[in-house]
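Taking it in order: structure first as C-alpha cells, then the write-up.
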Amino acid sequence: MSKYPAEIMLGIRRSYARTKMKFTLTRWCFVLFIFLNHPTPVLPTSANDTYPPGLESEPFLYIVGRRKMMDAQFKCYNRMQQLPPYQGEGPFCNRTWDGWLCWDDTPAGVVTQQHCPDYFPDFDPIEKVTKYCDENGAWYRHPESNKTWSNYSMCNAFTPDKLKNAYVLYYLAIVGHSISILTLAVSLGIFMYYKNLGCQRVTLHKHMFLTYILNSIIIIIHLVEVVPNGELVRRDPLSCKVLHFFHQYMMACNYFWMLCEGIYLHTMIVVTVFTEEQHLRWYYLLGWGMYFLQFSFEPPSPLSVYLQSSSGLGLGEQSDPGAGKSSVSKRASSKPFNKFLQSVINTQVSAE
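Taken in order, the sequence shown gives residues -44 to -1, 1 to 308; the numbers are from mature numbering (1 follows the signal peptide of the UniProt record, and there is no 0).
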C-alpha cells in the first residue's frame, strides 16, 4: 500500500501531465520559430546569370522590369509612327523615346510630365517624371553630359521611407500571426486537456480555432518563403499553387465556421430553446466541406481554372463573352446554398 494518499498521487500525476503538455507545446513553438526564420535562399537560375549592382537578390524583379521596358519601347515606336504630325504653331520638341518613357510632341517652353515607370523596385509609379522643352524647341540637355535629360529624381526620392514602412508592416504581420498561433494553440490545448469543457459549443470553438491556426501558419510560410524569394515566384512551381489553394481554403473555412457559430446560437436561442444536444455533422459539412460543395453550384470550378499549369493568364485576364449571363447564373447558384442553410436548421428541429 502506498504511503501517499490517493488524492496526493492524483494531484502529482495531473501536475506532471500539465508540465509535460506545456513543455511539448513550447518545444513545437520553438521548432516552428526556427523553421520560419530560415527561408530558402534566393539563387540565380543559372551560373551565367548576371544582374546589375544592387539587384543580385531580386532577379525576378529585374527580369520583369526589363520585359516591361522592352514592351514600352516597342509600343512607343508604334505610337510615334501612327500619330499624325504636330499641328500646333511655333517651335516644338519632337516626339521621342528617352530610354524609359515615351514623350509626345511638346510645344516650346512647356514642362511635360507623366507618372514614373514601374520597371524598378525602388520606383514609385505615383510620383511624376518631368521633361522640359526649351524656347528653341529642343529637349533640355544636362549641363554635365550635354545629352537630353528627363528628371526621374522624384521617382525614388521617398522610396526609403516607403520601404521602411513596408518592412514594418511585413514584420508586424509575421509577429501578429505568430502571436495568434501561440495564443490559439494554448486555448485549443486547454479545451482538449480539460474534459469537463467538452460540449457542442466548445467543439465548434475548437474547429474555428483550428482554422485560424492553420490559416496563420500558411500566411507565415507565404511571407517567409515566397514573398522574399523572387526566383521561386518566377518559376511558379506546383508547391506555390498548392500553398495558395490551401490559403484560400482556410480563409473560406474561417468564415464558414463563424457562420456555424451563428447558426448554432440561432438554433439554441430561437428554434430549440429547451434542448441541449444538436447533430454536429451538418456543421462539420458546412465548416469544412462547403468550400468544395459550392463548386457544384457554380461551374466551372475556380480550382480547375487556377490549377491550369503554364497557362500564363490570370483569372482577371480571361475573356468573358457571357458577362450578361454571369449575374443570372450567380443569382441562380445562390439558391441551393440558401436551401442548404435552411435544411441545417430544419434538420435540428426535426431531430428534436
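Glycine residues also receive a C-beta, built at the ideal position from the N, C-alpha and C atoms.
Source: prediction; values computed, not measured.
Which listed residue (the options) has its alpha carbon closest to that of residue i
i      : options                           : result
Gln234 : Phe248, Met246 and Cys216         : Cys216
Ile169 : Glu187, Gly132 and Asp27          : Gly132
Tyr240 : Ile225, Met224, Met36 and Phe212  : Phe212
Phe201 : Gln70, Phe248, Glu91 and His98    : Phe248
Met36  : Asp27, Cys58, Tyr88 and Gly243    : Cys58
Pro40  : Val158, Asp61, Asp27 and Tyr123   : Asp61
Lys31  : Pro116, Gly55 and Tyr127          : Gly55
Val20  : Arg191, Leu236 and Cys196         : Arg191
Leu236 : Val124, Ile137, Ser136 and Val158 : Val158
Gln156 : Thr223, Leu128 and Pro193         : Thr223
Pro73  : Gln38, Lys197, Met26 and Ser101   : Met26
Contacting residues, own chain, Cβ-Cβ under 7 angstroms from residue i (five flanking each side not counted)
i      : result
Gly93  : Pro47, Phe48, Cys49 and Ala64
Met110 : Glu83 and Lys84
Cys209 : Thr167, Gly243, Trp244 and Tyr247
8 angstroms Cβ shell around residue i - same chain, five flanking residues per side excluded
i       : result
Thr199  : A small correction: the amino acid at residue 199 is Leu; Thr does not occupy that position in the sequence shown. Closer than 8 angstroms at Cβ, skipping near neighbours: Ile174, Ile177, His178 and Val182.
Ser275  : Since pLDDT at Ser275 reaches only 35, below the 50 mark, its modelled position is unreliable, and the value read off the structure follows with that caveat. Answer for Ser275: no residue qualifies.
Arg22   : Tyr75
Ile130  : Leu(-9), Ile176, Leu179 and Val180
Cys89   : Phe48, Cys49, Thr62, Pro63, Ala64, Gly65, Val66, Val67, Thr68, Trp95 and Tyr96
Pro(-6) : Reliability of the predicted coordinates at Pro(-6) is poor, the pLDDT of 41 falling under 50, and the value obtained from them is presented with this limitation in mind. Excluding positions up to five away in sequence, the list reads Val180, Glu181, Pro184 and Asn185.
His203  : Asn171, Ile174, Ile175 and His178
Lys162  : Leu144, Phe147 and Met148
Pro193  : none
Beta carbon of residue i nearer than 8 angstroms to that of residue j
i      : j      : result
Val214 : Met164 : The question names Val, but residue 214 is Met in the sequence shown. Yes, these two residues count as a Cβ contact at 8 angstroms.
Trp53  : Tyr33  : yes
Asn171 : Met148 : no
Lys24  : Asp80  : no
Tyr220 : Leu160 : yes
Asn107 : Thr86  : yes
Thr115 : Asp78  : yes
Segment limits, beta strand (DSSP E) that includes residue i
i      : result
Lys103 : Per DSSP, Lys103 belongs to no beta strand (DSSP E) and is neither H nor E.
Val85  : Lys84 to Cys89
Val67  : Val66 to His71
Same chain only: Cβ atoms within 6 angstroms of residue i, ignoring 5 sequence neighbours per side
i      : result
Leu140 : Phe165, Tyr168 and Ile169
Ala28  : none
Ser101 : none
Enclosing alpha helix (DSSP H) for residue i [first to last residue]
i      : result
Cys216 : Leu194 to His222
Val131 : Thr115 to Tyr149
His163 : Gln156 to Ile177
Trp238 : Arg237 to Tyr240
Arg190 : Gly186 to Arg191
Residue i Cβ short of 7 angstroms to the ligand GDP heavy atom set
i      : result
Gln204 : This structure simply doesn't include the ligand GDP, nor any ligand for that matter.
Short CB-CB distance (under 8 angstroms) between residue i and chain B
i     : result
Thr62 : As a matter of chain content, chain B is missing from the structure shown, which is built from one protein chain.
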